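Working notes, structure below.
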Amino acid sequence: MELYSKYRNKGTGVPLVLDLVVGNETCDEAKRNALSYACKATNSSCIDRPSRSGYLCNCSQGYEGNPYLHGGCQGLSIGIGVGSATGFICIVLIAMFLTRRIKHRRKIKLRQKFFILNRGQLLKQLVSQRADIAERMIITLDELEKATNNFDKARELGGGGHGTVYKGILSDLHVVAIKISNIVVQKEIDDFINEVAILSQINHKNVVKLIGCCLETEVPLLVYEFISNGTLYHHLHGEGPRSLSWSNRLRIAAEIANALSYLHSSVTIPIIHRDIKSSNILLDDNLTSKVSDFGASRYIPIEKTALTTAVQGTVGYLDPMYFYTGRLNDKSDVYSFGVMLVELLTKRKLFPYLSSEGDGLVADFVNLHSVGNLVQMLDSQVIEEGGTEIQEVSQLAISCIELRGEDRPTMRQVNCSLEGILSQINQK
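The opening residue of the sequence shown carries number 179 in this note's numbering; numbering runs sequentially from there.
Here it is as structure tokens:
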């Protein structure tokens with residue numbers, strides 16, 4: 179200590195090299211006594227000191243660490259392996275992160291692309307009307323995915339020619355029905371945009387309400403009020419001997435007629451539904467009817483009485499004159515409504531109905547009515563519950579399904595007739 183202080187005070191220093199050895203034995207001598215042998219590590223070696231007695235311990239080639247401890251010499255390959263494995267895992271994690279990030283960015287860009295395209299097409303249809311309506315109705319895809327648990331199969335309510343319908347619960351706890359297209363073709367995109375454009379103009383208690391739409395998918399998703407009690411078709415043709423009461427059938431028919439009359443004459447531009455049928459009539463818990471599925475609907479310009487278009491609708495309900503000529507007018511909906519009246523009177527499905535003469539439901543109804551034998555195909559429940567009004571409704575159905583459109587009444591006239599019949603029944 180004094181020597182150290184002496185040199186420090188002089189400002190000088192002497193380099194000190196330690197040459198430590200173990201004991202004063204050679205390696206061979208030391209190995210004979212396992213207890214005192216200092217090279218404890220398995221992968222270690224003993225080195226004699228040639229200039230003096232004693233020995234040193236070193237880790238063998240390919241190993242490093244402390245040779246004086248058990249297990250002190252570790253293989254370099256282990257360290258390299260651990261390092262390599264760690265590096266590989268890091269690379270995989272980074273690759274996964276980047277892949278997810280790229281996919282997410284692509285998904286966002288694709289949603290933005292569809293949004294711009296669909297919004298532009300929608301606003302083009304609404305250019306002469308209130309375009310701000312559509313802007314307020316836009317709902318994000320994230321919201322709808324959460325509402326339907328990523329369009330879970332268990333949430334599926336059913337579907338038709340224009341898509342599949344799912345039940346969903348929005349973040350504001352509103353229960354809704356969400357319609358998504360089954361196929362992605364330009365026609366479906368046009369039909370869905372068309373449905374948004376039409377329903378955004380309609381406000382009627384017997385027409386299903388469009389709450390909003392999502393424009394972030396190739397074919398827009400439509401969001402409606404949820405109608406909980408199935409379709410008219412389901413209630414009319416469901417299992418069991420008894421169906422809807424005759425009074426309910428009449429009231430439902432009058433409600434549908436009122437809605438169609440509104441579409442044909444009370445909106446800014448007349449609208450032809452073009453696919454009226456029992457499966458497109460929804461019923462709520464009070465059996466109030468709601469006309470739905472406007473994918474095939476078309477505007478009829480005020481200055482025109484008809485529109486030439488590709489034939490669209492459901493076979494059996496389709497106006498024969500429209501089918502043959504492609505000329506669509508308000509009388510096409512009247513024919514479809516007449517077919518539905520026949521359904522309500524007979525409780526018979528259009529298909530696979532076939533009379534003994536080979537006639538379909540409508541033709542057989544007309545034939546039996548003409549010979550005064552309609553009772554043969556009327557629903558027994560209608561006969562049991564109804565009165566003289568059955569003949570009036572039957573005659574109204576006959577007038578609606580006249581072959582020539584000009585021989586059919588308007589929906590306004592049909593609505594007035596049904597309202598009058600209901601009024602007579604209620605006064606009894």
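Note that beta-carbon positions come from the ideal geometry of N, C-alpha and C, so glycine has one too.
Keep in mind that this is a model prediction, so the values were computed, not measured.
In the DSSP assignment, Cys217 falls outside any alpha helix (DSSP H), carrying neither H nor E. In this model, Gly516 and Tyr344 are separated by some 30 Å (Cα to Cα).
Annotation for Leu519: Ala431, Val571, Leu574, Ala575, Cys578 place their beta carbon closer than 7 Å to its own, counting only its chain and skipping 5 residues before and after. With a cut-off of 8 Å on Cβ pairs, the segment 381-400 is in contact with the segment 285-293, counting three or more such pairs.
With a cut-off of 8 Å on Cβ pairs, the segment 435-450 is in contact with the segment 502-509, counting three or more such pairs. The C-alpha of Thr524 is placed about 10 Å away from the C-alpha of Ile561. Each of Val386, Phe404, Val397, Asp463 was checked against the Cα of Ile434, and the nearest Cα belongs to Val386.
Your pair Gly583 and Met499 checks out as a contact, with CB atoms roughly 5 Å apart and the cut at 8 Å. With 16 or more neighbouring CB atoms inside 10 Å of its own CB, Glu521 falls in the buried class. A distance below 6 Å between beta-carbons, with the five flanking residues on each side excluded, links His415 to the following residues of its chain, in chain order: Lys527. Contact between Asn593 and Lys468 is ruled out by a C-beta separation of about 16 Å, above the 8 Å threshold. If you draw a straight line from the Cα of Asn436 to the Cα of Glu535, it comes to about 36 Å. The shortest CA-to-CA distance from Asp320 to any of Thr503, Ser349, Thr342, Ala332 is the one to Ser349. CA-to-CA, the gap between Gly564 and Ile599 works out to about 12 Å. Judged by DSSP in its simplified three-state form, Glu334 adopts strand. With contacts defined by Cβ atoms closer than 8 Å, Ala219 and Leu247 form a contacting pair.
Here the alpha carbon of Arg279 sits roughly 16 Å from the alpha carbon of Cys268. Residue nearest to Gln239 within the set Arg230, Pro228, Ser222 is Ser222 (criterion: CA-CA distance). The beta carbon of Thr318 sits closer than 6 Å to none of the beta carbons in its chain outside the five residues before and after it. Assigned with DSSP and collapsed to three states, Thr566 falls in coil, not helix or strand.
Only exposed fits Asp463, as fewer than 16 other CB atoms lie within 10 angstroms of its CB. Straight-line measurement puts the Cα of Gly265 at about 41 Å from the Cα of Ala325. DSSP places Tyr531 in the coil class of the three-state scheme, outside both helix and strand. Residue Val199 holds the alpha-carbon nearest to the alpha-carbon of Arg227 among Arg333, Asn211, Gln252, Val199.
Under the DSSP assignment, Ile434 falls in the alpha helix (DSSP H) whose first and last residues are 424-443.
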